[in-house]
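Here the structure comes first, spelled out in structure tokens, and everything after it is commentary.
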Amino acid sequence: VVPTGKAWNPASASRMVYEAVSMLVALVDGIMIPYTLAWTVREEGAFEVMSWFSRLFWTADLLLSFATGYSTQQYTVELRLRKTARHFLVTWFLVDVTLVIWDWALTVLPVSPLIRVGRFVRMFRQVRR
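Position one of the sequence shown corresponds to residue 31 (our numbering), numbered consecutively onward.
Below is the structure:
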């Protein structure tokens, strides 16, 4: 998808498909998280599969964001990997890495009221999209 030495063009067809998938994952999260907060729903069966898919998807998204081009103030698309990585680090990295770490921490921590708060924090990903 990404040529060697170049970032993923945000206007490419493959990136548009990826963005559509990410919107679907965000939509499912936007439905599942409040549902599991409102009622005590255990993560098993389909809920567990969707939770794991979401967790792995957002982890991959974090890594892919380092190699995704962006539009500059001069209305050009920056595709140099070093510049795209730096741009991500100074813009959305802290938010994204916090959400991904929190998501993984909730996976390994024992069940507690913290889990309910953590699921609420995951809702902030919706703001990013």
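Beta carbons are placed, not taken as given, at the ideal position from N, Cα and C, and that holds for glycine.
Buried/exposed call for residue i, threshold 16 Cβ in 10 Å
{"i": "residue 99", "result": "buried"}
{"i": "residue 118", "result": "buried"}
{"i": "residue 62", "result": "buried"}
{"i": "residue 106", "result": "exposed"}
{"i": "residue 130", "result": "buried"}
{"i": "residue 102", "result": "exposed"}
{"i": "residue 76", "result": "exposed"}
{"i": "residue 109", "result": "buried"}
Host alpha helix (DSSP H) of residue i (start-end)
{"i": "residue 64", "result": "43–68"}
Whole-angstrom C-beta distance between residue j and residue i, which should lie under 8 Å
{"i": "residue 111", "j": "residue 90", "result": "So it is not a contact: roughly 17 Å between Cβ atoms."}
Close-in-space but distant-in-sequence residues of the same chain around residue i (CB under 7 Å, 5 per side omitted)
{"i": "residue 65", "result": "71"}
8 Å CB neighbourhood of residue i in its chain, flanking five on each side removed
{"i": "residue 137", "result": "85"}
Beta-carbon proximity list for residue i, same chain, < 6 Å, skipping 5 on both sides
{"i": "residue 92", "result": "126 and 130"}
Proximity to residue i [Cα-Cα], best of the options
{"i": "residue 49", "options": "88, 135 and 73", "result": "88"}
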